[in-house]
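So the protein sequences, as listed, match chains A and B. Under the numbering used here, think of the first position of the first sequence as 50, with each following residue one higher. Under the numbering used here, think of the first position of the second sequence as 6, with each following residue one higher. Below: the structure, in structure tokens.
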Amino acid sequence: MTIIRDIFKRNRERNDPTIPSKEAKDVPEGLMCKCPECKTIVLTKEMAKLQKVCPKCDHHCKMTAHERVDSLMDEGSFESIDDHLKSSNPLGFPGYTEKVEADSEKTGLNEAVLTGKGTINGQAVVAAIMDSHFRMGSMGSVVGEKITRAVEKATAEKLPFIIFTASGGARMQEGVLSLMQMAKTSVALKRHSNEGLLFISILTHPTTGGVSASFASVGDINIAEPKALIGFAGRRVIEQTVREKLPEDFQTAEFLLAHGQLDAVVHRHKMRDTLSTLIKLHTKGAVARG
Amino acid sequence: MAKKVQKTMPFEEPLIQLRKKIGELREYTENAEVDLSAEISSLESRLEKLETDIYEDMKPWDRVQVARHPNRPTTLDYIPLLFEDFIELHGDRLYGDDEAIVGGIAMFNGQPVTVIGHQRGKDTKENVRRNFGMPHPEGYRKSLRLMKQAEKFNRPIICLIDTKGAYPGKAAEERGQSEAIARNLVEMAGLEVPVISIVIGEGGSGGALALGVGNHILMLENSTFSVISPEGAASILWKDAALAQTAAEAMKITAPDLLEMGIIERIIPEIRGGAHHDPVKQAEFLSSAISQSLDELNPMSGESLIDQRYDKFKGIGVFTE
Chain A
50 MTIIRDIFKR
60 NRERNDPTIP
70 SKEAKDVPEG
80 LMCKCPECKT
90 IVLTKEMAKL
100 QKVCPKCDHH
110 CKMTAHERVD
120 SLMDEGSFES
130 IDDHLKSSNP
140 LGFPGYTEKV
150 EADSEKTGLN
160 EAVLTGKGTI
170 NGQAVVAAIM
180 DSHFRMGSMG
190 SVVGEKITRA
200 VEKATAEKLP
210 FIIFTASGGA
220 RMQEGVLSLM
230 QMAKTSVALK
240 RHSNEGLLFI
250 SILTHPTTGG
260 VSASFASVGD
270 INIAEPKALI
280 GFAGRRVIEQ
290 TVREKLPEDF
300 QTAEFLLAHG
310 QLDAVVHRHK
320 MRDTLSTLIK
330 LHTKGAVARG
Chain B
6 MAKKVQKTMP
16 FEEPLIQLRK
26 KIGELREYTE
36 NAEVDLSAEI
46 SSLESRLEKL
56 ETDIYEDMKP
66 WDRVQVARHP
76 NRPTTLDYIP
86 LLFEDFIELH
96 GDRLYGDDEA
106 IVGGIAMFNG
116 QPVTVIGHQR
126 GKDTKENVRR
136 NFGMPHPEGY
146 RKSLRLMKQA
156 EKFNRPIICL
166 IDTKGAYPGK
176 AAEERGQSEA
186 IARNLVEMAG
196 LEVPVISIVI
206 GEGGSGGALA
216 LGVGNHILML
226 ENSTFSVISP
236 EGAASILWKD
246 AALAQTAAEA
256 MKITAPDLLE
266 MGIIERIIPE
276 IRGGAHHDPV
286 KQAEFLSSAI
296 SQSLDELNPM
306 SGESLIDQRY
316 DKFKGIGVFT
326 E
């Protein structure tokens, strides 16, 4: 017994000199970041310049809503709306209010979606950008209400509506009220569509459940970021139901594209230009017709 | 012929015990020369009181069990009791015919209507064919086709909701389960005819809501409508599916809960102990509820029906400003 312990002890001692001293390890918090896919370490600043796309493996890391706005909108053009809405705890779930408050603190958002108006290459749009750092981007009453109001604003001002989705689905802590947000956002989108206005849905990692099964899937144009996980049911649930091994690329953006569920998979570095062109192509009265 | 055995539910256990005891006493009276009629009638009045106590105060989990009862009437049980001249229409014209959703045209009190509903099976064989009432995308696309057809011919649409949820399978994902549900939500929002959605059993998540964007949503007294099954909620929230009973209460999924939250218009009363005790009588309750809704919705124009639906769903949600 002691011998065994000695072995470990010796190892520890032997390893000691190779462990960097505390000072050497003390790089300022957040200076470097690691790609979750290939584990490459990149300067955070560098990563931000690359719009959080890994320079080595091209992995599209998760973005916060504000990072997305910065990468997309003309500088200083974005004005957020409805930042004052607050989730309450309709079912009285223990700890729910605290969790929402903690995430609000962490992300600087009032809820899992940031909405507002801005310009892309000078073209005005109303945008909703979901943030998966806030309660997994799940949709409760406030997320549903903010998106609905944003769509209503787009309808009223006759502007295109753009949404970046990132969500695990409906928020369980708000029960069936969350489910109904799928219908609420849909009735608003129908009205927007009836006005002949453009709706582009950009599905980012991950877009699943109730969000995937509502506004995310019904854009006039549906675009996804490379490798984004998109699906209705969770992979584990499906594996348990069908009892078969699912393909490696199951529920990825590329899988959906191959199965006719998306218009395009667009690299993040090309997103701004793609959106800008699409909006330009939908400009009203560009050509007189009829 | 063997009498069809009614599956009983745990909360009914005291009633069963008491009924058994009364039966035993009756038998004893007949065979032996003892008069126990006083005891029997006292037990019978106790039974009646117990029935009232149990059935008038059903807990959410009790209702979940009634909603899932294997003999609970399904869409195809109600259709001949509610309508005349039903003709079933099949297929989505894109891929196939999903038997987990049935639909067609029928006459209701002299008015042609389109009826669409989830359909689970009554036995294993039928359940395999109907996929336990869990639709694939083609089921939702069929229902949308029939709704658009109803709109063309200015027929009201009656949707009967009864599903554990949309099917979570590989083929369903490949053919766009998300899109099929989402499309239904958006297109139902714009229908220019009255839409009445009635939850007759389980209303499971998006797969149920895809038939649920109605001008009126009604629920049978013992039906449920939820974002996730109590078992699913328990396993996610507390990592233990056995806590489903607790989850059924916490998630607020019963008809009275939804009425209180302002999501549904009305509760349709149910036969004491559950619709399966008397489907014919239950259909009468359903019929008068449909009549009432149609009386309110029939006079409305296409535009005002769309506006009413808009206002209804816009108003759902709890938050502070």
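In this text, a Cβ means the ideal position worked out from N, Cα and C, and glycines have one as well. In this text the structure is predicted, and so the values were computed from the model without any measurement.
| Check | Outcome |
| --- | --- |
| From CYS164 of chain B to LEU196 of chain B, what does the alpha carbon distance come to, in whole angstroms? | 13 Å |
| Does the CB of SER183 of chain B have a neighbour CB from chain A at under 9 Å? | yes |
| Using only alpha-carbon positions, find the residue among B:LEU216, B:ARG134, B:VAL200 that is nearest to GLN297 of chain B. | B:VAL200 |
| For a quick check, are the C-beta atoms of GLU336 of chain B and LEU20 of chain B less than 9 Å apart? | Only positions 6 to 326 of chain B appear in this structure, which leaves residue 336 of chain B out of reach. |
| Since ALA203 of chain A and LEU163 of chain A should fall inside the 8 Å C-beta cutoff, what is the C-beta to C-beta distance between them, to a whole number of angstroms? | Not confirmed; about 15 Å, so no contact. |
| Write down the C-beta distance between ALA176 of chain B and ILE186 of chain B rounded to the nearest angstrom, noting that I regard them as a contact closer than 8 Å. | Wrong, their Cβ atoms sit about 15 Å apart, outside the cutoff. |
| Note down the Cα distance separating GLY293 of chain A from VAL323 of chain B, rounded to an integer number of angstroms. | The sequence given here places Glu at residue 293 of chain A; Gly does not occur at that position. So the two alpha carbons sit approximately 41 Å from each other. |
| Report the rounded CA-to-CA distance for MET96 of chain A versus CYS82 of chain A, giving the unit in angstroms. | 8 Å |
| So that I know if they touch, is there some Cβ in chain B lying closer than 9 Å to that of ARG240 of chain A? | yes |
| Does any residue of chain B bring its CB to less than 9 Å from the CB of ASN221 of chain A? | As written in the sequence, residue 221 of chain A is Met, which differs from the Asn given in the question. Taking Cβ atoms only, chain B reaches closer than 9 Å to MET221 of chain A, which makes this a yes. |
| Between the C-alpha atoms of ASN271 of chain A and ILE211 of chain A, what's the straight-line distance to the nearest angstrom? | 10 Å |
| So VAL291 of chain A contacts chain B; which residues on that side make the cut at Cβ distance below 7 Å? | GLY174, LYS175 |
| Taking 9 Å as the CB-CB cut-off, is HIS254 of chain A touching chain B? | no |
| If you draw a straight line from the alpha carbon of PRO65 of chain B to that of LYS54 of chain B, how long is it in whole angstroms? | 21 Å |
| With 9 Å as the threshold, decide whether the Cβ of ALA161 of chain A is near any Cβ in chain B. | no |
| Does DSSP put PRO117 of chain B in a helix, in a strand, or in coil? | strand |
| Tell whether a beta-carbon distance below 9 Å holds between VAL120 of chain B and GLY126 of chain B. | no |
| Mind checking TYR145 of chain A: buried by the 16 CB within 10 Å criterion, or exposed? | buried |
| Using the beta-carbon count (16 or more within 10 Å), is ASP262 of chain B buried or exposed? | buried |
| Strictly under 9 Å for the Cβ-Cβ distance: is LEU214 of chain B near chain A by that measure? | yes |
| Rounded to the nearest angstrom, what separates PRO284 of chain B and ARG277 of chain B at their Cα positions? | 12 Å |
| When the cut-off is 9 Å and only beta carbons count, does LYS9 of chain B lie next to chain A? | Caution applies to LYS9 of chain B, whose pLDDT of 49 falls short of 50 and renders its modelled position unreliable; the value that the coordinates give is listed next. Cβ-Cβ to chain A under 9 Å: no for LYS9 of chain B. |
| How would you call HIS281 of chain B, buried or exposed, if buried means at least 16 neighbouring beta carbons within 10 angstroms? | buried |
| Return no unless some Cβ of chain A is closer than 9 Å to the Cβ of ARG135 of chain B. | no |
| Using the beta-carbon of each residue, which ones in chain A are nearer than 9 Å to GLU197 of chain B? | The contacting residues do not exist; GLU197 of chain B stays about 12 Å from chain A at best. |
| Whole-angstrom Cβ separation of ILE92 of chain B and ILE110 of chain B, contact assumed at under 8 Å? | 5 Å |
| Report yes if the CB atom of ALA194 of chain B is closer than 9 Å to the CB atom of PHE318 of chain B, and no otherwise. | yes |
| At 3 residues or longer, what runs of the beta strand (DSSP E) sit wholly inside the segment 100-136 of chain A? | 128-130 |
| Alpha carbon to alpha carbon, how far is GLY125 of chain A from ARG117 of chain A? | 13 Å |
| Does DSSP classify ARG134 of chain B as helix, strand or coil? | helix |
| In three-state terms, what does DSSP make of LEU151 of chain B? | helix |
| Compare the C-beta of GLU194 of chain A against all C-beta atoms of chain B and say whether one is closer than 9 Å. | yes |
| For GLN289 of chain A, count neighbouring Cβ atoms within 10 angstroms of its own Cβ and tell me buried if that reaches 16, exposed if not. | exposed |
| For my contact list, LEU23 of chain B and ARG51 of chain B are in at a C-beta cut-off of 8 Å; report their separation, rounded to the angstrom. | 7 Å |
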